[in-house]
Amino acid sequence: MENIQLWPYGDDVLLMRWKGSGTRPEPAIVEEVDAWARRIRAAGIPGVQQVFPAFDSLAVIYDPLRLSYEQLAARIRQLDRQKPPEPETTVPVLEVPVVYGGEYGPDLPAVAQACSLTEDEVVAIHTGKLYKVWMIGFLSGFPYAGALDERLVLPRKSSPSLSVRAGSVAIAGNLTGIYPLSSPGGWHIIGWTPWTIFDWRRDPPALFQAGSRIRFRAISPSEIDLHRDGPSAG
634 MENIQLWPYG DDVLLMRWKG SGTRPEPAIV EEVDAWARRI RAAGIPGVQQ
684 VFPAFDSLAV IYDPLRLSYE QLAARIRQLD RQKPPEPETT VPVLEVPVVY
734 GGEYGPDLPA VAQACSLTED EVVAIHTGKL YKVWMIGFLS GFPYAGALDE
784 RLVLPRKSSP SLSVRAGSVA IAGNLTGIYP LSSPGGWHII GWTPWTIFDW
834 RRDPPALFQA GSRIRFRAIS PSEIDLHRDG PSAG
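Just so you know, the sequence shown maps onto residues 634 to 867 in the numbering used here.
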């Protein structure tokens with residue numbers, strides 16, 4: 634655990650943070666965080682309620698009436714000697730339908746130009762990878778998925794959009810994501826999906842969770858109504 638720091642984060646959270654992470658998410662660290670999340674969940678530590686992974690940190694929510702921070706930290710250090718459970722191999726791939734470009738992806742031309750690609754090449758590269766959701770954040774149900782092909786890696790927009798439509802598919806850094814709700818945003822909008830990404834009436838409300846696998850599929854505007862009902866796992 635030489636590269637991991639532990640400290641209390643409020644009265645009921647132990648925060649694990651990885652040292653040496655860069656300015657953008659690093660797949661190796663993300664996978665290590667995921668392994669630790671599996672290890673802690675499998676340990677069944679009495680008093681631990683939830684575990685939330687992020688790019689370079691892991692929040693462990695616990696009941697302070699059942700164990701102290703010091704007891705939890707000691708138990709976690711003991712787990713360092715244990716091999717984490719293997720990752721789930723039966724996680725379905727969610728194939729997200731996306732209308733790229735035009736009014737649905739207003740930043741696609743600028744992305745293509747910045748990357749010295751055609752718009753069709755951007756779409757082909759974006760749809761050509763299988764992505765893993767590394768964390769949920771920013772907005773309820775917003776999936777931060779990676780890693781984006783290096784040919785599409787761009788910094789966030791210099792001037793954020795004041796309003797981004799719910800369902801907008803976007804890229805920034807080495808990440809791709811989907812806006813679950815309408816909000817301001819600084820990512821490059823290259824498309825839109827008719828799926829409802831977050832619905833508080835649904836159980837669970839969020840369509841994705843950390844560890845979900847995503848593949849994007851290009852559709853035409855005429856196919857939008859065929860996909861409004863949501864996903865079928867493949």
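Ideal Cβ positions, reconstructed from N, Cα and C, are used throughout, including at glycine.
Note that the structure is predicted; figures quoted are calculated from it, not measured.
Judged by DSSP in its simplified three-state form, P660 adopts helix. When rounded, the separation of the alpha-carbon atoms in S816 and Q711 is 43 Å. Within 10 angstroms of the beta-carbon of D836 lie fewer than 16 other beta-carbons, which makes it exposed. Within the same chain, H821, I822, I823 come within 7 Å of D740 by CB-CB distance, once the 5 residues on both sides are set aside. The segment 686-693 makes contact with the segment 658-668: 3 or more CB pairs, one atom from each, lie closer than 8 Å. Residue pairing of I637 in beta bridges, as defined by DSSP: W651. Taken in chain order, the complete beta strand (DSSP E) segments of 3 residues or longer contained in the segment 738-826 are 764-769, 776-779, 794-797, 801-805, 808-811, 816-818, 821-825. Separation of the CB atoms of L785 and I804 is rounded to 6 Å, and the pair is thereby assigned contact status at 8 Å. Close CB contacts of Y733 within its chain, under the 7 Å cut and outside five residues either way in sequence, are with L741, V756, I823, G824, A851 (chain order). The beta carbon of V766 lies closer than 8 Å to those of P776, Y777, A778, F841, Q842, A843, G844, S845, R846, I847 in the same chain, with the five residues before and after it left out.
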